[in-house]
Every structure is written in structure tokens, then in C-alpha cells.
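Novice: Below you'll find the structure I mean.
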Amino acid sequence: MSAFEPLPEDWQRALCIVAHPDDLEFGAAAAVARWTGQGKDVVYCMVTSGEAGIDGLHPDECRGVREAEQVESARLVGVSTVEFLGLPDGIVEYGVPLRRTLAEVVRRHRPDVVVTGNFRESWGGQSLNQADHIAVGRAVLDAARDAGNRWIFPEQLEGDLEPWGDVRAVWAAGSPEARHAVDTTDTFDAGVASLEAHRAYIDGLGWEHFDPREFLEGMARQTGQGLGVAFAAPFEVYPLGWGD
Ligand SMILES: [Zn+2]
Numbered sequence: 178m179s180a181f182e183p184l185p186e187d188w189q190r191a192l193c194i195v196a197h198p199d200d201l202e203f204g205a206a207a208a209v210a211r212w213t214g215q216g217k218d219v220v221y222c223m224v225t226s227g228e229a230g231i232d233g234l235h236p237d238e239c240r241g242v243r244e245a246e247q248v249e250s251a252r253l254v255g256v257s258t259v260e261f262l263g264l265p266d267g268i269v270e271y272g273v274p275l276r277r278t279l280a281e282v283v284r285r286h287r288p289d290v291v292v293t294g295n296f297r298e299s300w301g302g303q304s305l306n307q308a309d310h311i312a313v314g315r316a317v318l319d320a321a322r323d324a325g326n327r328w329i330f331p332e333q334l335e336g337d338l339e340p341w342g343d344v345r346a347v348w349a350a351g352s353p354e355a356r357h358a359v360d361t362t363d364t365f366d367a368g369v370a371s372l373e374a375h376r377a378y379i380d381g382l383g384w385e386h387f388d389p390r391e392f393l394e395g396m397a398r399q400t401g402q403g404l405g406v407a408f409a410a411p412f413e414v415y416p417l418g419w420g421d
């Protein structure tokens, strides 16, 4: 039984950057609901629209369905801004172009913390992570630092944008290396509703008897035990300051 430390809450703006619609809803959304309930500003940025995520639905049709589900699932946890970067689902590549795109997003939103999904090789044990998650998470970590250096992607700074070097940390939700957690006991239901908003996606998975509440409860209860509360969401902290 691992023990978790609570994540700090002395910040105002979070930018959540993930590969796909639904990535934040498998655990992190209840933490987002807690933060927005405290009056914090949280913005979502989807690198892809998850258009390759439903086997029986062509990406051209799927894109709109999934974007609408994500906007609704964000609304349910108090997030009113959802950006879609439109990169191709399933084949996102880590590299300078992705870092450039994400640095621009960080410079525009000027967040105190950046949240992303687990980008380690696995979810723990033998459950392999997915390629887009790994590419996006690595690029988020780099872009959060690139954003502060005026000599990296300087073409972005020719207009109104300024460098933004005040991201305190990147938090990766659901990492098997998580040592921190957020108490989601009071906002757990909002997190469930947020996942349930991905109805077409969940139906398309074809997982028989998949129950969003039961699924989220299993994970949240286990993490909650390590934090000394009923329910919690785990995060791995990547501090960006020197000497942290
Ligand atoms: Zn995903």
C-alpha cells in the first residue's frame, strides 16, 4: 500500500494537455472538478480529436461526435474552454513540431501547472501504454520548459505572445509512479458524469458490462487509501524549477 502526498492547491491556472478526448475522464476529471470548485481556472487542450477511436465509425464522422462529447464532459467539471489541435489520432509523433505546437499553447494560456496523462511505458504491470499518450506527455514536459525560453520557437513571439517560464510543474495523471494524489471524495460524482458523457466512445469500445462508476470507483478507492480519504486521483509530479 503506497502512501500519497496531497498535491498543492496554492495556484490559480491549470492547462490540461492530453492526446485524446476521454483521457482526462479516466480518473483526472474528478480532480478537475475539485479545482474548478475552488475557483481555479482550468483549460483543456486535446492534441487529437480521437477520431480513430471508434471501430465502427469513420474518422470523418467520428471527429465531430467525439469533440462534442469532450466539450460536454468538460462542462460537467466546470471547464468551459476546450481546444482541439487537430493532429492525427493514433500516429502522433514526439518531436520538435509537436513541442513547437504545445509551447505556443502554453505561452497563450500562461498556466501555473500543466496537467497531462501518464506517459510512462505502461500503466503498471503488463498493461502497455499507448503511443500517442507517450509522445504527447514527453512533448508536454518539454514544451512547458520551451515556453519560457525566448530563443526557442522565437517566431511565436513576434506578435503579442511573450515567453512563459512560470510553469511550476507538470502533473501526469494516472502514472504508475505517482507519489501524489488529489482528494476527489466530494467531486467523485462529477467525475463519473464526465466519463459517462463519452457515450458514443464507451459504446464503441464494446466492453461488455462496462460501468463507468464501478470502474472509476475501483481506482479512486485504492488511491484514496494511500491518501487517507475515501476517493482520490493519483498524479506523478515533474517539478520544473531548478533544485526542486
Ligand atoms: Zn487516450
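With positions in the sequence shown counted from 1, the corresponding number in the working numbering is that position plus 177.
Note that beta-carbon positions come from the ideal geometry of N, C-alpha and C, so glycine has one too.
#1: Using the C-alpha atoms, what's the distance from Ala251 back to Asp323?
#2: Based on the DSSP output, what are the partners of Phe450 in its beta bridges?
#3: May I ask you to report which of helix, strand or coil DSSP gives Ser179?
#4: Less than 9 angstroms separating the beta-carbons of Pro285 and Ala377?
#5: For Ser250, does the three-state DSSP call read helix, strand or coil?
#6: Out of Trp348, Ala349, Phe330, which one is the CA nearest neighbour of Pro340?
#7: Are Gly325 and Val344 closer than 9 angstroms when you measure CB to CB?
#8: Starting from the C-beta of Trp188, find all residues in its chain whose C-beta is less than 6 angstroms away, skip the five residues before and the five after it, and write them out in chain order.
#9: Under 8 angstroms: does the beta carbon of Gln307 sit that close to some heavy atom of ligand 1?
#10: Where in the segment 281-350 do unbroken runs of the alpha helix (DSSP H), each at least 4 residues long, occur, reported from the N-terminal end onward?
#11: Tell me which same chain residues have a C-beta within less than 8 angstroms of the C-beta of Gly381, skipping the five on either side of it?
#12: State buried or exposed for Leu305, treating a residue as buried only when at least 16 other CB atoms are found within 10 Å of its CB.
#13: Spatial neighbours of Val248 within its chain, please: C-beta separation below 6 angstroms, excluding the five flanking residues on both sides.
#14: Counting only runs of 3+ residues fully inside the segment 186-235, write out the beta strand (DSSP E) ranges in chain order.
#15: Under 6 angstroms Cβ to Cβ from Asp200, same chain only, skipping five residues before and after it: list those, please.
Specialist: Let me spell this out:
#1: Position 146 of the sequence shown holds residue 323. Position 74 of the sequence shown holds residue 251. So the two alpha carbons sit approximately 27 angstroms from each other.
#2: Residue coverage of the chain in this structure runs from 178 to 421, which leaves residue 450 outside it and unanswerable.
#3: As a working mapping, residue 179 is identified with position 2 in the sequence shown. Correct three-state label for Ser179: coil.
#4: For the purposes of this step, residue 285 is taken as the residue at position 108 of the sequence shown. For the purposes of this step, residue 377 is taken as the residue at position 200 of the sequence shown. Residue identity differs from the one stated: residue 285 is Arg in this sequence, not Pro. In this structure, Ala377 does not lie closer than 9 angstroms to Arg285 by Cβ.
#5: Counted from its first residue, the sequence shown places residue 250 at position 73. Helix at Ser250.
#6: Your numbering for residue 340 matches position 163 in the sequence shown. The option with the nearest alpha carbon to Pro340 is Phe330.
#7: Translated into the one-based positions of the sequence shown, residue 325 becomes position 148. Translated into the one-based positions of the sequence shown, residue 344 becomes position 167. Cβ atoms of Gly325 and Val344: closer than 9 angstroms.
#8: Counted from its first residue, the sequence shown places residue 188 at position 11. The residues are Asp289, Val290.
#9: Start at 1 with the first residue of the sequence shown, and residue 307 comes out as number 130. Yes; taking the cut-off as 8 angstroms, the Cβ of Gln307 has a heavy atom of ligand 1 nearer than that.
#10: 308-323
#11: Counted from its first residue, the sequence shown places residue 381 at position 204. Cβ neighbours of Gly381 beyond the five flanking positions: Gly230, Ile231, Asp232, Gly233, Leu234.
#12: The sequence position of residue 305 within the sequence shown is 128, counting from 1. So Leu305 counts as exposed.
#13: Position 71 of the sequence shown holds residue 248. Closer than 6 angstroms at Cβ, skipping near neighbours: Val259.
#14: 190-195, 218-225
#15: Within the sequence shown, residue 200 is the residue found at index 23, counting from 1. Result list for Asp200: Gly294, in chain order.
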